[in-house]
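Take a look at the structure below.
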Amino acid sequence: MGCHAPLEFPLSPASIAAAKRAAQRVHWQVFAQYWTDEAPKRYKDLKIGLEKHPPELLLPQAALGRLLTARSSHGDFAEYHECFKQENALLTCSRGCREEPSHLYYCHKGRQAAAHPWGQQPVADILIKKTGFTAYADWLGKSHFYTTICKRH
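Numbered by my numbering, the letters in the sequence shown go through residues 50 to 202 in order.
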């Protein structure tokens with residue numbers, strides 16, 4: 050065959066950097082599939098997907114914490130306390146309304162403290178869309194909702 054013979058060099062092992070990138074890619078794909086299958090029901094209901102760099106991480110820490118609590122329904126809400134049989138927990142706000150993840154949206158005291166900047170947007174949009182949760186974070190700062198109106202502890 051002479052010079053027309055295929056060159057059969059053994060494949061060189063991947064560099065450490067290439068191996069790391071490949072491992073990260075596979076890990077992300079597996080995790081994305083896991084999230085599709087196993088995401089919490091509330092996240093599926095809200096259609097919250099998986100992002101590598103979600104924009105909500107740029108919110109102030111307190112606002113992000115409240116946002117994640119409202120999204121997951123895990124936190125200082127009546128249903129959560131009832132589920133875990135926490136008998137000493139407060140189940141209502143300062144106005145006597147049942148504490149729910151969407152309470153901030155409907156609370157009259159909160160609206161009196163500062164007008165809602167999100168207008169007629171549904172609660173789900175406030176929890177999942179960038180315009181919604183940034184308006185929510187701004188409103189929390191102006192209304193002092195969780196520090197003066199519906200403080201919990």
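Glycine included, each C-beta is placed from N, C-alpha and C at the ideal position.
Of all the CB atoms in chain C, is at least one closer than 7 Å to the CB of W188?
The chain labelled as chain C is not found in the depicted structure, where only one protein chain is given.
Using a 10 Å radius around the Cβ and a threshold of 16 neighbouring Cβ atoms, would you call R115 buried or exposed?
Flag for R115 reads buried.
By the 10 Å Cβ neighbour count, where 16 or more other Cβ atoms means buried, how is C132 classified, buried or exposed?
C132 comes out exposed.
Alpha carbon to alpha carbon, what distance is there between K200 and Q161?
When rounded, the distance between both Cα atoms is 16 Å.
Measuring CB to CB, does I198 end up less than 7 Å from G145?
Going by C-beta atoms, I198 is not nearer than 7 Å to G145.
Go ahead and label G190 buried or exposed: buried means 16 or more other beta carbons lie within 10 angstroms of its beta carbon, across all protein chains shown.
Its Cβ having fewer than 16 others within 10 Å, G190 is exposed.
Check the DSSP bridge columns for R147 and list the partner residues they point to.
Answer is T141.
How about A127 and L140: do their beta carbons lie closer than 7 Å?
Yes, these two residues count as a Cβ contact at 7 Å.
Got a sec, what are the start and stop residues for the alpha helix (DSSP H) H152 sits in?
Element bounds for H152: H152 to Y155.
Spatial neighbours of S121 within its chain, please: CB distance less than 7 Å, with the 5 preceding and 5 following residues excluded, ordered by chain position.
So the qualifying residues of the chain are P89 and R91.
Sorted by chain position, which residues of the same chain lie with C-beta nearer than 6 Å to A138's C-beta, five sequence neighbours on each side aside?
Once the five neighbours on either side are set aside, the close Cβ partners of A138 are H130.
With 16 other CB atoms within 10 Å as the buried threshold, where does Y155 fall?
When all chains shown are included, Y155 counts as exposed.
Look up S122 in the DSSP assignment and say whether it is helix, strand or coil.
In this structure, S122 counts as coil in the three-state DSSP scheme.
Less than 7 Å between the beta carbons of K179 and P104, yes or no?
Yes; because the gap between Cβ atoms is below 7 Å, this pair is in contact.
Am I right that P166 and A184 are in contact with their C-beta atoms under 8 Å? What's the rounded C-beta distance?
Indeed they touch by this definition, with Cβ atoms about 4 Å apart.
With a threshold of 8 Å on Cβ separation, who are the neighbours of H123 within its own chain once the five nearest residues in sequence on each side are excluded?
Counting only Cβ-Cβ distances below 8 Å, and skipping sequence neighbours, we find Y129.
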